[in-house]
Amino acid sequence: MISQINYLYQSARLYDEAHALLLAELDRSESPYYFMSSLSSLAEKREKTEAALEWRRKAYEVSTGAATRFQWGASYIKAIIRLTPENNDLIVKTSIDLFAELKDEQSVFAGRNFRELSSLNQQLSAWQDEQQEDTLIETFHARIQSMCEKQALATLELENCRSLLSS
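In the numbering used here, the protein residues as written are 8 to 174.
Here's what the structure looks like:
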């Protein structure tokens with residue numbers, strides 16, 4: 008319900024009302040990271056880059072569960088790349104921290120985790136090409152390679168894993 012009201016407010020360009028609505032939900036929600044993500048998107052629409060990144064960071068920090076944390080962490084990294092691509096140190100540090108959290112080698116190569124991982128791989132590769140930052144994608148691919156080696160032969164997970172290294 009709150010998301011629908013937020014959508015209506017933003018469609019009508021009632022950004023202050025949308026902001027107040029989302030802030031009010033943070034303390035009430037069991038999953039405040041959803042509203043933090045919406046606050047980030049709202050800040051981005053209003054060209055408030057620092058606030059947009061801060062809300063994405065907070066959403067990542069408070070998210071729980073491996074798949075959820077990976078999704079919100081990837082979202083944060085993609086926002087940094089989109090909004091402040093020159094922030095090499097933050098992109099590299101946050102990416103390496105997120106890669107370190109990857110524990111369940113099989114589940115990361117299926118479903119929404121794989122879609123997030125594939126999208127992140129593409130954005131990191133494009134960012135690296137623009138910024139001439141070679142070490143991050145090498146670190147990322149080394150981590151992926153070690154995870155590929157743990158996949159069962161002839162599985163979708165192994166095929167998906169290998170596809171990341173060939174892209």
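Every residue gets a Cβ at the ideal spot worked out from N, C-alpha and C, and that includes glycine.
Here the structure is a predicted model, which is why all the values come from computation and not from measurement.
Whose C-beta lies closer than 6 Å to the C-beta of residue i among residues of the same chain, with five residues either side of it excluded?
i	result
L109	V115
A66	Y40, M43, S44 and W79
N128	L171
A58	A50
I9	E32
From the DSSP output, in three-state form, read off residue i for me.
i	result
P39	helix
M154	helix
T101	helix
L54	In the sequence under discussion, the amino acid at residue 54 is Glu, which differs from the Leu named in the question. In the structure shown, E54 sits in coil (DSSP, three-state: anything other than H, G, I, E or B).
R20	coil
D34	coil
K85	helix
For the alpha helix (DSSP H) that contains residue i, what are its first and last residues?
i	result
G72	Neither: G72 is in no alpha helix (DSSP H) and is coded neither H nor E.
N167	L163 to S173
In chain order, what residues of the same chain have a beta carbon less than 8 Å from the beta carbon of residue i, not counting five sequence neighbours either side?
i	result
L33	P39, F42 and M43
K52	Q17 and Y22
Quick one: what's got a C-beta closer than 7 Å to residue i's C-beta in the same chain, skipping five residues either side?
i	result
E164	Q113, F116, A117 and Q158
Between residue i and residue j, which are expected to be in contact by the criterion C-beta below 8 Å, what is the C-beta distance as a whole number of angstroms?
i	j	result
Y83	T101	6 Å
ask   = Below 8 Å, can you find three or more Cβ-Cβ pairs linking the region 156-163 to the region 131-141?
value = By the Cβ criterion, the region 156-163 is not in contact with the region 131-141, since fewer than three pairs of Cβ atoms, one from each stretch, lie closer than 8 Å.
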